[in-house]
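Let me begin by presenting the structure, written as structure tokens, before commenting on it.
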Amino acid sequence: MKGNKNVLLALSLTLAVGFAGTTYLVADETKDQKGAAAQPAASTPNLLDYLGDTKVISVEPVRQMFSHRSHVVQHKLACSDCHTGIFERKWGAARDKGDYTHADAFDQGQYCGVCHNGEAAFATVGEDNCMRCHDSNMIAPDTIYFQKPVRTVVFEHKDHVDMGMKCADCHMQLFDTRMGAAEEQPEKFIMQALYDGKYCGACHNGEAAFASDTRCTTCHIGVRGDERRLAKAADKNKQKAQ
Amino acid sequence: MKMNELEKLVNEGVDQLPPLERRTFLRAGFAITGLFLGGSILSLTSVRTTQAAVPGSAYTSGAYPYKPHYSMVMRQNLCVDCQLCMDACVKTNHVPDYGYRTIILEQERSIGENAQETIFIPVLCNQCNEPPCVRVCPTVATYKDKTHGIVVMDDKKCIGCKTCMAACPYNARYFSEERRAVDKCDFCLESRLSKGMTNTACAEACPAHVRVFGDLSDPESEVYKLVHRPETVLWVLRPETGALPNVFYMNDTVA
Numbered sequence: 003m004k005g006n007k008n009v010l011l012a013l014s015l016t017l018a019v020g021f022a023g024t025t026y027l028v029a030d031e032t033k034d035q036k037g038a039a040a041q042p043a044a045s046t047p048n049l050l051d052y053l054g055d056t057k058v059i060s061v062e063p064v065r066q067m068f069s070h071r072s073h074v075v076q077h078k079l080a081c082s083d084c085h086t087g088i089f090e091r092k093w094g095a096a097r098d099k100g101d102y103t104h105a106d107a108f109d110q111g112q113y114c115g116v117c118h119n120g121e122a123a124f125a126t127v128g129e130d131n132c133m134r135c136h137d138s139n140m141i142a143p144d145t146i147y148f149q150k151p152v153r154t155v156v157f158e159h160k161d162h163v164d165m166g167m168k169c170a171d172c173h174m175q176l177f178d179t180r181m182g183a184a185e186e187q188p189e190k191f192i193m194q195a196l197y198d199g200k201y202c203g204a205c206h207n208g209e210a211a212f213a214s215d216t217r218c219t220t221c222h223i224g225v226r227g228d229e230r231r232l233a234k235a236a237d238k239n240k241q242k243a244q
Numbered sequence: 268m269k270m271n272e273l274e275k276l277v278n279e280g281v282d283q284l285p286p287l288e289r290r291t292f293l294r295a296g297f298a299i300t301g302l303f304l305g306g307s308i309l310s311l312t313s314v315r316t317t318q319a320a321v322p323g324s325a326y327t328s329g330a331y332p333y334k335p336h337y338s339m340v341m342r343q344n345l346c347v348d349c350q351l352c353m354d355a356c357v358k359t360n361h362v363p364d365y366g367y368r369t370i371i372l373e374q375e376r377s378i379g380e381n382a383q384e385t386i387f388i389p390v391l392c393n394q395c396n397e398p399p400c401v402r403v404c405p406t407v408a409t410y411k412d413k414t415h416g417i418v419v420m421d422d423k424k425c426i427g428c429k430t431c432m433a434a435c436p437y438n439a440r441y442f443s444e445e446r447r448a449v450d451k452c453d454f455c456l457e458s459r460l461s462k463g464m465t466n467t468a469c470a471e472a473c474p475a476h477v478r479v480f481g482d483l484s485d486p487e488s489e490v491y492k493l494v495h496r497p498e499t500v501l502w503v504l505r506p507e508t509g510a511l512p513n514v515f516y517m518n519d520t521v522a
């Protein structure tokens, strides 16, 4: 009888641990989903989080950080300064309106742009300002390989950053700050556009940098170049696996 | 020579032999046997035309024996290996994945310390005026058309001996299992020109206008103007073979 009791106890313990484990996993999954760029933050987080450290407040249209604490505690803003005149008190409300972007709203003095206009607070665009809101979650790529409208054009993002160029030198005006944005309009992302001073052509005009109608293969590595790169990457992965 | 030692050697085969070596060997054989029409009968000296003796120079005597004299000019430095030409060719001429009618070669060139540039070289059948492939074909399955000078295939006559493949200086031939004959670029004669179109699929697909196709006997054509442009370096691939190709290469500006 006593032995049986012990067995029962052990069984219930295992079950309990098992349940706890499952709940933990589920919680972890939701967290992961929130983190994923494609998934908007759907559920309302714990109220205390609002006063916590910097939080990702939007993943669409781009990931963005916002420190509620710095606004409320450090800069002593009242709730009514922002709510509900500028932002509704509802998670994701601004995103759902569809105009929560620099071009559509901030530059016209809406949302963050009400204060962040370069006078009341730092401007939303500017040499060093991008990373203040889009920091750790903006992953700057080392190299970009454009596949449209023609295969394959290489852009050394890191080399350009290391040269001392600021995000705003290219982003917002020439390129959206989003992977693949230029390629979504392959009919516009063409050499003639570069010659007209758009995209890379803003600097690659023969004055600031070599002209975009010269030295074609500096950027155009071609299909062969791309295949060689993919093969190299596959080899590396294989070696890592071994 | 000790036969028993020789017998121990492994046959090297011809698989690893580059096309030029194979060609040189073939040509030597034909020159000696007097079959090589460009040389003198039973000549033991190497056969070369004066044009071919000047390295890199292109055949631009101004006389073009065919009408229309189809030709292509490659504005080589503008090629970026996007391979849209190759895709268009495959689609238009039903080229199987194991073969090709046109290809893009790649060359690395040093442009200073730790700096390199890539040169892409589009290659297709050069529709030579003295085509080595035609000379070696034992069944006249491949011949140069008397009107427009395109080197064409008569599939029915091809016995698949592949001698033409070895003779071609440009590696522009492959054996097509579907056709049961050697296949090659015909400047889209079968798929387009014979149907009234005036441009090849590859030239039409090129976004950088690298490939310029046209009639070299027409002074108004773009190819004629490019080939005869003053102060322009024009070259052909492998001029030393004396094949007198009709595909010319040059560097040009974008506009």
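Residue numbers (my numbering), protein chains in the order written: chain A, 3 to 244; chain B, 268 to 522.
Ideal Cβ positions, reconstructed from N, Cα and C, are used throughout, including at glycine.
Quick caveat, the model's predicted, so the values are computed rather than measured.
{"query": "Excluding the five sequence neighbours on either side, which residues of its own chain have a C-beta within less than 6 Å of the C-beta of B:Phe-480, listed in chain order?", "result": "Met-339, Asn-466, Thr-467 and Ala-470"}
{"query": "Quick check on the burial criterion: 16 or more other C-beta atoms within 10 angstroms. Buried or exposed for A:Phe-191?", "result": "buried"}
{"query": "Pull up the CB-CB distance for B:Ile-417 and B:Leu-372, whole angstroms please, since I reckon it's below 8 Å.", "result": "Going by Cβ atoms, the distance from B:Ile-417 to B:Leu-372 rounds to 22 Å, so no, they are not a contact pair."}
{"query": "Taking C-alpha atoms, which residue in A:Ile-88, A:Ala-184, A:Asn-131 and A:Met-67 lies nearest to A:Tyr-113?", "result": "A:Ile-88"}
{"query": "Distance check for B:Arg-294 and B:Gly-306, CA to CA, integer angstroms please.", "result": "In this predicted model, B:Gly-306 has a pLDDT of only 44, less than 50, meaning its place in the structure is not dependable; the value taken from the coordinates is given anyway. Using only the alpha carbons, I get a separation of about 10 Å."}
{"query": "Run down chain B in chain order and give the residues with a C-beta less than 9 Å from the C-beta of A:Val-225.", "result": "Asp-348, Cys-349, Gln-350, Met-353 and Ile-371"}
{"query": "Can you check whether the CB of B:Val-449 is closer than 7 Å to the CB of B:Cys-435?", "result": "no"}
{"query": "Is the region 406-424 of chain B in contact with the region 380-387 of chain B, if contact means three or more CB pairs nearer than 8 Å?", "result": "no"}
{"query": "With a cut-off of 7 Å, does the C-beta of B:Thr-385 fall near any C-beta of chain A?", "result": "yes"}
{"query": "Since B:Val-401 and B:Tyr-410 are thought to touch, with beta carbons under 8 Å apart, how far apart are those beta carbons, to the nearest angstrom?", "result": "6 Å"}
{"query": "Check each candidate in A:Asp-98, A:Ala-96, A:Val-163 and A:Cys-202 and name the one with the smallest Cα separation from A:Ile-141.", "result": "A:Val-163"}
{"query": "Check the DSSP bridge columns for A:His-173 and list the partner residues they point to.", "result": "A:Phe-177"}
{"query": "For A:Thr-154, which of A:Asp-171, A:Ile-223, A:Gly-120 and A:Ala-235 has the nearest alpha-carbon?", "result": "A:Ile-223"}
{"query": "State the DSSP-derived secondary structure class of B:Glu-274, mapped to helix, strand or coil.", "result": "coil"}
{"query": "State buried or exposed for B:Thr-414, treating a residue as buried only when at least 16 other CB atoms are found within 10 Å of its CB.", "result": "exposed"}
{"query": "How big is the Cα-Cα spacing for A:Ala-107 and B:Cys-349?", "result": "39 Å"}
{"query": "Figure out for me which residue from B:Ser-461, B:Arg-290, B:Pro-398 and B:Asp-482 has the closest Cα to the Cα of B:Lys-334.", "result": "B:Asp-482"}
{"query": "Does A:Val-152 get closer than 7 Å to chain B when you measure Cβ to Cβ?", "result": "yes"}
{"query": "State yes or no: is the C-beta of A:Tyr-1 within less than 7 Å of the C-beta of A:Ala-96?", "result": "Past the boundaries of the shown model lies residue 1 of chain A; chain A is included only from 3 to 244, so the question cannot be answered."}
{"query": "Is there at least one Cβ from chain A nearer than 7 Å to B:Pro-286's Cβ?", "result": "no"}
{"query": "Between B:Ala-525 and B:Val-357, which are expected to be in contact by the criterion C-beta below 8 Å, what is the C-beta distance as a whole number of angstroms?", "result": "No statement about residue 525 of chain B is possible, as the shown extent of chain B runs from 268 to 522 and does not include it."}
{"query": "Do B:Leu-511 and B:Asn-396 count as a contact pair if the criterion is CB distance below 7 Å?", "result": "yes"}
{"query": "What residues in the region 331-346 of chain B have a beta carbon less than 9 Å from any beta carbon of chain A?", "result": "Asn-344, Leu-345 and Cys-346"}
{"query": "Closer than 7 Å between beta carbons: that is the criterion. Which residues of the region 507-522 of chain B meet it against chain D?", "result": "As a matter of chain content, chain D is missing from the structure shown, whose protein chains are A and B."}
{"query": "Out of curiosity, what's the CA-to-CA distance linking B:Ser-461 and B:Phe-454?", "result": "10 Å"}
{"query": "With which residues is B:Pro-389 paired in a DSSP beta bridge?", "result": "B:Ile-371"}
{"query": "Considering A:Ala-243, what are the terminal residues of the alpha helix (DSSP H) in which it resides?", "result": "224-243"}
{"query": "With a 10 Å radius around its C-beta and 16 neighbouring C-beta atoms as the bar for buried, classify B:Ala-472 as buried or exposed.", "result": "buried"}
{"query": "Is the Cβ of A:His-222 closer than 7 Å to any Cβ of chain B?", "result": "yes"}
{"query": "Just verifying my parser: in three-state terms, what is the DSSP assignment at B:Asp-453?", "result": "coil"}
{"query": "Considering just the uninterrupted stretch of the alpha helix (DSSP H) at B:Tyr-337, what are its terminal residues?", "result": "Unbroken run through B:Tyr-337 is the beta strand (DSSP E), 337-342; no alpha helix (DSSP H)."}
{"query": "Mind pulling the chain B residues with CB within less than 7 Å of A:Asp-215?", "result": "Val-521"}
{"query": "When you compare each of B:Gln-394, B:Gly-427, B:Pro-389 and B:Cys-392 to B:Pro-405 by their alpha carbons, which one comes out closest?", "result": "B:Gly-427"}
{"query": "Threshold first: 4 residues or longer. Then list the alpha helix (DSSP H) segments lying entirely within the region 73-126 of chain A, N to C.", "result": "81-84 and 95-99"}
{"query": "Could you confirm whether any beta carbon from chain B is found closer than 7 Å to the beta carbon of A:Cys-218?", "result": "yes"}
{"query": "From the DSSP output, which residues share a beta bridge with B:Asp-482?", "result": "B:Tyr-337"}
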